[in-house]
Structure formats: C-alpha cells, structure tokens
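K.L.:
If you want it as structure tokens, here you go:
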C-alpha cells in the first residue's frame, strides 16, 4: 500500500501539469476583453469566436488597455489605478501584478519585447519595467521646461527600443531611446501646443501625432528627421464653427491609417478629418452621426469603422476611405465602446457594454456572425498587436 | 502489486501528455527554416534565438515556402515536388502531408484561415484545400484565353477570401473570390504581358504587381478599381542598356514596401528600381553590388536589405529608402539565400546556406548577435506572417 500511496502522491503532484497539457495550443488567435465594471478580463479565441477563460482581480479597469509579449502568451494590462498586471493567456491566470502609480493611462512594450513602459497621471512621468519580472528598471519624471511636473499621455513604442509620449500639462513631446535602460537618452520637444491629450504613431512607427485639447490643432513629429521638430498641422480645424460640448475625448489609438491618408476624429465635432500622409494637410472631411470616439481602419485600409460619444453611442458608421462617404450604418446596441479587427481584417469584434455582449461582424458583408456574452465589456485586444509597431 | 502495476500503466499512458505539457508556450515568436538539401525544416524560437526542433520527411524543398494558420501553431509548407505538408510547430511533428501535384511553386492561405491554395507548374492551375484537414475542396485549371494550359505563379491571398495569381504561359492575371468555395468567382485579366514570372501584392492587399520575364516591364492591377484592369508600368525599364545574363530570377516576395514607395529588383541588372506607390511611376534607382534577389523592407520601411545572385551571393547591402543610397554592406558568408525580419523589425535573420548557419543581426546597429546552426538553410518564415495580408 505504501507503493500505491506514493503513486497517488506522484500523480497528484502531476495534476497541474496534466491539466495544463490540455491547453497546448497556438496563441496567435487569442484576445483579451476588458470587463471594466468587474475588474476582470475575458480571454477569447478569435477562431472559435468564444471565450475560453476569465481572469479576475485586475483592479480599476476604466480606460484600461493591453499590450502583448512577442510570444503572444502574455498580456500586460494597464489599469486606471496604476495597476500593471501580467496575464498568462494560456492558463487564464495572473503571472504578476503590481500597483506602480496612483493613476495611470496606458502603456507600451519595447520593440524587442524586453521593456514595459507605463504612462502616469499621478505622480506623472513614465516608469519602465522588466517585461519578464515586472521589476522596475527606470523612472523618468516628466518635468517640463518650465519646471512643471506633468501627466503623460499618448505613450507609444518606436523602433530601436524607443518610446514617445506627450506631457499634458507642460505641452511637450519626449522621445526616449532606452537602448541603455539605465541611462535613457531623451529628446525633449518643448512648446508644442496647449494640453496634448493623446498621441499615436503611424503604423510604420515614423510619424507621431498628438491631439491638442487646449487649442484647435494637432502636433506632428516626423521621427525620421534630424534634428527632431514638432510642427503644427490642421491649425484651427474647427474655425468658423461654434464648438460643440465635448462629450468624450476621442482616441487617437485606432485612428484610421488608410493607404495614403489618416482619418482623425475631430474634437467636439461630428466629423472625421482626412489628412494626407505626405503633406499632413487636410484633404477632406466626413460628416458623422455623432462625435467620433474611435476611427479604426480595416487592415487593408479600404474602410474605417467609427463609434461615437453619448448620446449616439449605440451606432457604428463605416466610411469608405476613397470617397470619404459613410457607406453603411449599424446599430449594435447600447454603449458601443470599442472595435477590433482580426489581423487580416475579415472580421471585426465590437463591445456593446450595456448589452453585456461582444458582437462579431463580417467585415466585408457587415453581417453579424455571432454574439459572445461578456460583463460590461470595453476594450478588445487581439494578440496580433504583438507584431505591430506602436502596438 | 496489481494496483502498482495499474498505476504504472496509467502513468506510461500519460507520458506523451506529460512530455507535451513541457511545451506549453506561446507561438508568436516561432519560426520555420527550410533545410532544402535534407528535406527538413528547423523550428526556431526568435526570442531565445535558437532552434527547438527539426521535422524531417518534407520531400523536395528547393524553392519551398510556408504560410501559417491564424493561431500560429501550424505551418503549411509548399515543396517543389507538389508536396503540401502541415507541420505542428508546438510538437515538431507532421500533422498531415499530401502530394497534390507533380511540381508546384508556393501557396497562400485565405484571410479567414480556412483555405490553402497551391500554385502548380505541373499540371498547372491552382488547387484549394481545407486548411484543417488538407482535403481538396476546389481545383481551378489555368486555361488561358487562347486555350493554353498554364503554369501559375505569384499566388497571394487578398482580403475577402480571395486569391490572385498569374498565368506564366498565357500571360494573364486571375483574381478568384472563394466566398463560396464550390463555385469560385473568377475575374480573368487577359493579355497582360509576356511571361509573368512572379507576382505579389502590397502589404495592404490593394495593388497586385507581376514581373514580366518575356519583356521589359511590370504589370499592375489596382484591386480596388471596378472593373479590374491590368496596366503596364515601368515599360522598357532596362532600355538603352545591354541586358545582362540573368543568373537568378529575382523574387517579388519580400519586396521593399517602404513608406510611399516600393523597391523592386530589376531583372538582369545590378539595380533596384524605386516606384512611387501613388503614381506607380519610377522615382529613382539604386546601383547595387550584384543582381538583387530579395529586397526586404524593415517593418518600419526605413531600410531595405538586399541579397544577390551568384557570384555576389555572399553579400547583403542595406539601402536607405529616403536617399536610395546603399548605407552599409555586410558579407555574412557563402550563399546568402534569405532574410526575415522579426515582426517589429528589431532583428533580421539571414540564412547562409553554404556555411550551414543562420545569422541574427541587430537591425539598427547591423551588429551580428548570434549564429544558429542549420543544414543548408534557405527560406526563413516567422509565424507573424499569419497576421499579414499577402502573407
């Protein structure tokens, strides 16, 4: 009987391994859905169009976002409460969780997958962590030229182990080369405009744009130019019109980089602005159903899908990027918060928060393929982001 | 003792599961290296920069290429002998292998991951298979307008479950919509030029280009236009020069789509030709060390890495896509056959066939990071291709 007992013990010890063996699978078609009200995330399989796990205990997930490790196994989830959580998507467990600041607003992963950068409101600045362990490796306070400590926004990765971000209060854009993480080499562009509220980089990692909240305009930095220079574009793009109240700040994340133009949501207006990617001049506008929040390009750039701020947030419009016309309108349901395309653009996943649902649409026919239950879903993030610059 | 024996048996039965459990890992950083002489492929880990498995028995792998399932677990390897092999990258085993033709030249996977298309020389045409089972689901003979049966080349996937390919003998380009796979909807563009020898599509899946072997020029199809039309570009691009003997046909796979231009290898010349992506007119040339074979853009488009035909095939040149100047030259060793960038472009992997090595370079500093032994390596394919249109 002692032998039997030993075998039993051995088997029991092996159980965790056995249960994990069932999970042997690829990770290229996984996704993570933020469930903001419950501080949880849903792990989804984009091929099967179903959820395969839920991870709880991620804290305050309002405005949460996620990036992925190069192997597409781990998600790094940035919470509003300064929480940074590394989630194992294969086992639906938390690998590690730290609270690294009082209030934060997203992050990025370096092009080599080694560093996680987090953008903080409180106490401001950017913190850098080892992607493997989440141990802190650098702290970059955001003190503007005038000595003003600043919230940071619009944090993105750039090629060459670099990150870019904007200083909200100080009105600056910083580009940091972390090739030697102990001694970050930072280029500071000062006086770029009043209150940059968000920023993003074009899919090739070349052009960094920051939207301004304090004035009518957008700031552009061509990161291929030396020396680096911030240039104003679209100045006074709302001129001659009475500014509408802003119900929700539009996101530059997920802007529509479509062929040779960008489609940007206009702050406070029911419009998208089309910007030529060579001249960075305005080349057209699209009147929309409401104030755009996200304008997300289908991966081939042919269409841009747009959702809207309250009270028009039950609707999606689809814009043809050649004609700049709305070619289709959908009404998925109450509080459409986010849209994410599958990597090659055959489907788009839509979070309908107040219906507790993810809807999956065919991106060519606009037909709804299925619904997936989720608790108050907001952001949807597929692991294919791991392959993108400015993920 | 009977109990003990039972436990032993149970454990033995579980062993395969246990050994697989060790392999629980993400698949986003896997790659496949073709070892042409031995009919094998090496499975590599791009993060660890090492090989983690070898799969043998894939037949004739000269000119072999691979595409990946959306979950990035399976590779589909197209051999020269008509072999189509589905490889499980997690277990380094063959899931299924069929010989579907006498002589074939590459394939593609549909944007939804459901269909594998293979381009055949003998008997010509394109065959379509279920990606899960490799069961045949459609056969599309390539009979040109003149009734001539044709080899097919330049097969790529397009958005909307479509494929495009060229008919070498007949001089045609076909675009097939396989939304209903039993009844393919095919658009035939005839008389496009003499002997299209290869084709490819821009990264957004919009512009299909085919190089002509029978005359000086390239054919362009803007797949967003209706009706579809083939237009000649770069006509007579070698005019006024004595044609050099062609040592190796250059590949359009891996052309340099860099920002707003393409860099194409010129057939028979020591040159790259830069083509404007709006006008499709030539905007410059770069004199190179030899006849270019591959011109591969770094994912951010800033540089293009070029290798060459014999007798200059020990060398790589790096071209700045803004100035069109060669900014660096490397001599990795004998028979540099292929180059593959990591998804976000921080490294490039180079196969040096006759040195039985893969070299890994830092794409920013051009420093060699490591060498990985391989048996006569040729093509290198990372799973991130699964996320790309025209993978």
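Chains as they are written, first to last, in the UniProt record's numbering: chain A, 1 to 391; chain B, 1 to 391. Backbone N, C-alpha and C define an ideal beta-carbon position, used for all residues, glycine too. This structure is a prediction, so every number in the text was calculated from the model and none was measured.
(1) Less than 9 Å between CB atoms is the rule here; does residue 278 of chain B satisfy it with respect to chain A?
(2) Per DSSP, what kind of secondary structure is residue 386 of chain A in: helix, strand or coil?
(3) Would you say residue 159 of chain B reaches chain A, if we count a Cβ-Cβ gap shorter than 9 Å as a contact?
(4) Can you give me the Cβ contacts of residue 95 of chain B inside the same chain, cut-off strictly under 8 Å, excluding the 5 residues immediately before and after it?
(5) Would you be able to state if there are at least three C-beta pairs under 8 Å between the segment 179-199 of chain A and the segment 313-332 of chain B?
(6) Against residue 174 of chain A, what residues of chain B qualify as contacts under a CB-to-CB distance less than 9 Å, listed in chain order?
(7) According to the Cβ coordinates, are residue 109 of chain A and residue 101 of chain A closer than 9 Å?
(8) List, in chain order, every chain A residue whose beta-carbon is nearer than 9 Å to that of residue 322 of chain B.
(9) Cβ of residue 376 of chain A less than 9 Å from any chain B Cβ?
(10) Please give me, in chain order, every unbroken run of the beta strand (DSSP E) with length at least 3 that falls completely inside the segment 185-233 of chain A.
(11) So residue 34 of chain A and residue 43 of chain A are in contact, right, with Cβ under 8 Å, and what is the actual spacing, rounded?
(12) Can you confirm whether residue 332 of chain B, when its beta carbon is compared against all beta carbons of chain A, has any partner nearer than 9 Å?
(13) Does DSSP put residue 8 of chain A in a helix, in a strand, or in coil?
(14) Can you look up residue 354 of chain B in the DSSP assignment and give me helix, strand or coil?
(15) Kindly indicate the opening and closing residues of the beta strand (DSSP E) around residue 34 of chain A.
(16) State buried or exposed for residue 214 of chain B, treating a residue as buried only when at least 16 other CB atoms are found within 10 Å of its CB.
(17) How about residue 91 of chain A: is its C-beta nearer than 9 Å to some C-beta of chain B?
(18) Tell me the rounded alpha-carbon separation between residue 370 of chain A and residue 351 of chain A.
(19) Is it a yes or a no for the segment 318-325 of chain B touching the segment 174-185 of chain A, going by three-plus beta-carbon pairs under 8 Å?
(20) In chain B, what lies closer than 9 Å to residue 81 of chain A by C-beta?
(21) The beta strand (DSSP E) spanning residue 119 of chain A covers which residue range?
(22) From the DSSP output, read off the bridge partner residues of residue 168 of chain B.
(23) On the three-state DSSP scale, how would you describe residue 133 of chain A?
(24) Let me check one thing: in DSSP terms, what residues is residue 338 of chain A bridge-paired to?
(25) Using a Cβ-Cβ cutoff of 7 Å, what residues of the segment 194-219 of chain A are near chain B? List them in chain order.
(26) For chain A, is any of its Cβ atoms less than 9 Å away from the one on residue 302 of chain B?
(27) Taking residue 165 of chain A as the reference, give the member of A:154, A:51, A:340 and A:209 with the closest Cα.
(28) Which residues mark the beginning and the end of the beta strand (DSSP E) in which residue 308 of chain B is found?
(29) Whole angstroms is fine: what's the gap from residue 291 of chain B's alpha carbon to residue 377 of chain B's?
(30) Would DSSP call residue 27 of chain B helix, strand or coil?
(31) Would residue 386 of chain B pass as an interface residue toward chain A - the criterion being a Cβ-Cβ separation below 9 Å?
(32) Looking at the structure shown, is residue 38 of chain A part of a helix, part of a strand, or coil, going by DSSP?
(33) Assuming residue 274 of chain B contacts residue 283 of chain B under a Cβ cut-off of 8 Å, what Cβ separation, rounded to an integer in Å, is found between them?
(34) If you scan the segment 269-308 of chain A from start to end, which runs of the beta strand (DSSP E) of 3 or more residues do you find wholly inside it?
(35) Between which residues of its own chain and residue 373 of chain B is the CB-CB distance below 7 Å, once the five residues before and five after are set aside?
(36) Below 7 Å on C-beta distance, what does residue 112 of chain B contact in chain A?
P.N.:
Reading from the atomic positions:
(1) As a position in the second chain, residue 278 of chain B is number 278, starting the count at 1. Closer than 9 Å: yes.
(2) Translated into positions along the first chain, residue 386 of chain A becomes position 386. Here residue 386 of chain A sits in helix by DSSP.
(3) Counting from one through the second chain, the residue named residue 159 of chain B turns up at place 159. Flagged as an interface residue toward chain A: residue 159 of chain B, by a C-beta distance shorter than 9 Å.
(4) The residue labelled residue 95 of chain B in the question sits at position 95 within the second chain. Here the set comprises 74, 86, 87 and 88.
(5) no
(6) Counting from one through the first chain, the residue named residue 174 of chain A turns up at place 174. At a C-beta separation below 9 Å, residue 174 of chain A has no neighbours in chain B, since its nearest C-beta there lies roughly 20 Å away.
(7) As a first step, residue 109 of chain A is located in the first chain; it is residue number 109 there, counting from the start. As a first step, residue 101 of chain A is located in the first chain; it is residue number 101 there, counting from the start. Contact: no.
(8) Within the second chain, numbered from 1, the residue matching residue 322 of chain B stands at position 322. Correct list: 224.
(9) If you number the first chain from 1, residue 376 of chain A lands on position 376. No, no contact with chain B.
(10) 185-189, 196-201, 207-212, 218-222 and 230-233
(11) Against the first chain, residue 34 of chain A aligns to sequence position 34. Against the first chain, residue 43 of chain A aligns to sequence position 43. Not a contact, Cβ separation roughly 11 Å.
(12) Counting from 1 along the second chain, the entry for residue 332 of chain B is found at position 332. No, residue 332 of chain B does not count as interfacial toward chain A.
(13) Taking the first chain and counting its residues from 1, one reaches residue 8 of chain A at position 8. Any answer about residue 8 of chain A is weak, because its pLDDT of 49 lies below 50 and its placement is not dependable; what the coordinates show is given next. Three-state DSSP puts residue 8 of chain A in a helix.
(14) To locate residue 354 of chain B, count along the second chain from 1; it is residue 354. In this structure, residue 354 of chain B counts as helix in the three-state DSSP scheme.
(15) Numbered from 1 along the first chain, position 34 holds the residue referred to as residue 34 of chain A. Unbroken beta strand (DSSP E) run through residue 34 of chain A: 30-35.
(16) Position 214 of the second chain, counted from the start, is the residue given in the question as residue 214 of chain B. Flag for residue 214 of chain B reads exposed.
(17) The residue given as residue 91 of chain A occupies position 91 in the first chain. Contacts with chain B at 9 Å (Cβ-Cβ) include residue 91 of chain A.
(18) For this step, residue 370 of chain A is matched to residue 370 along the first chain. For this step, residue 351 of chain A is matched to residue 351 along the first chain. Roughly 12 Å between the two C-alpha positions.
(19) no
(20) Stepping through the first chain from its first residue, residue 81 of chain A is reached at position 81. Under the 9 Å cutoff, chain B gives no residues; its nearest Cβ is about 27 Å from residue 81 of chain A.
(21) Here residue 119 of chain A refers to the residue found at position 119 when the first chain is read from its first residue. That run of the beta strand (DSSP E) goes 115-122.
(22) Stepping through the second chain from its first residue, residue 168 of chain B is reached at position 168. Residue 168 of chain B is not bridged to any residue.
(23) Reading the first chain from its first residue, position 133 is the one you call residue 133 of chain A. Coil, per DSSP.
(24) Here residue 338 of chain A refers to the residue found at position 338 when the first chain is read from its first residue. In DSSP, residue 338 of chain A forms a bridge with A:351.
(25) 204, 205 and 206
(26) Here residue 302 of chain B corresponds to residue number 302 of the second chain, with the count starting at 1. For residue 302 of chain B, the answer is yes, since a Cβ of chain A falls inside 9 Å of its Cβ.
(27) Here residue 165 of chain A refers to the residue found at position 165 of the first chain. Ranking the options by Cα distance to residue 165 of chain A, first place goes to A:154.
(28) On the second chain, position 308 is the one that residue 308 of chain B refers to. From DSSP, the beta strand (DSSP E) with residue 308 of chain B extends over 303-308.
(29) To locate residue 291 of chain B, count along the second chain from 1; it is residue 291. To locate residue 377 of chain B, count along the second chain from 1; it is residue 377. Approximately 21 Å, taken between the alpha carbons.
(30) Taking the first residue of the second chain as position 1, residue 27 of chain B is located at position 27. If DSSP states are grouped into helix, strand and coil, residue 27 of chain B belongs with coil.
(31) Against the second chain, residue 386 of chain B aligns to sequence position 386. Judged by the 9 Å Cβ criterion, residue 386 of chain B is in contact with chain A.
(32) Taking the first residue of the first chain as position 1, residue 38 of chain A is located at position 38. Looking at residue 38 of chain A - three-state DSSP - the assignment turns out to be helix.
(33) For the purposes of this step, residue 274 of chain B is taken as residue 274 along the second chain, with counting starting at 1. For the purposes of this step, residue 283 of chain B is taken as residue 283 along the second chain, with counting starting at 1. Indeed, because the Cβ distance is near 5 Å, the residues count as touching under 8 Å.
(34) 271-276, 282-287, 292-297 and 303-308
(35) Within the second chain, numbered from 1, the residue matching residue 373 of chain B stands at position 373. Closer than 7 Å at Cβ, skipping near neighbours: 356 and 357.
(36) To locate residue 112 of chain B, count along the second chain from 1; it is residue 112. Per Cβ cutoff of 7 Å: 346.
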